[in-house]
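Per the working numbering, the very first residue in the sequence shown carries number 179; after that it's consecutive.
Even glycine gets a Cβ: it sits at the ideal position worked out from N, Cα and C.
Data block below; observations after.
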Amino acid sequence: MVSTVRRRNKTIISLVLTAAAVYGVFRFQASENKGFISIRDYNAAKIGTSEKALRSHLDPSLSSDNIPNYLPDPPGDECFYYEDDQTSIDGTTFRFCFKAGVLDLKDGYGPAFDSGQIQAAHS
């Protein structure tokens, strides 16, 4: 009887540890996707779109603390930054700036902008 209880306890502990490990892997993967968008997402964003509507389709943005200050934020705008999900190694960064809750400016820097593959837009 004691061995049955020990086996059951080991089984329960194993299940709890396995569930915790699986949860940890999913949380890690979710955090790894933070701040990445595709060029298609960038191009689909239209000036004048509400911040709420646009951000509901995107992953959380990168902290601006992690972004080099190559582009000072326009006065009165709140800006959010993303990296290109395909070419983050080359350093392409997208910026969406909102004024009064509306997309006022989208631009960025890096090879995709330098080559003319992607264009900035503003109101």
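DSSP puts F258 in a beta bridge; with which residues? F274
Tell me the DSSP secondary structure of Y287 in three-state form. strand
C-beta contact flag for K284 and A223 at 8 Å: yes
Which same chain residues, not among the five before or five after S216, have their C-beta less than 8 Å away from its C-beta? D262, D263 and Q264
I need the DSSP call for I217, collapsed to helix, strand or coil. helix
I'd like the list of long-range same chain contacts for S301, defined as Cβ closer than 6 Å, with 5 residues on each side in sequence excluded. I225 and D282
Quick check: what's the CA-CA separation for E256 versus S228? 13 Å
Going by the CB atoms, is the gap between P289 and T270 shorter than 8 Å? yes
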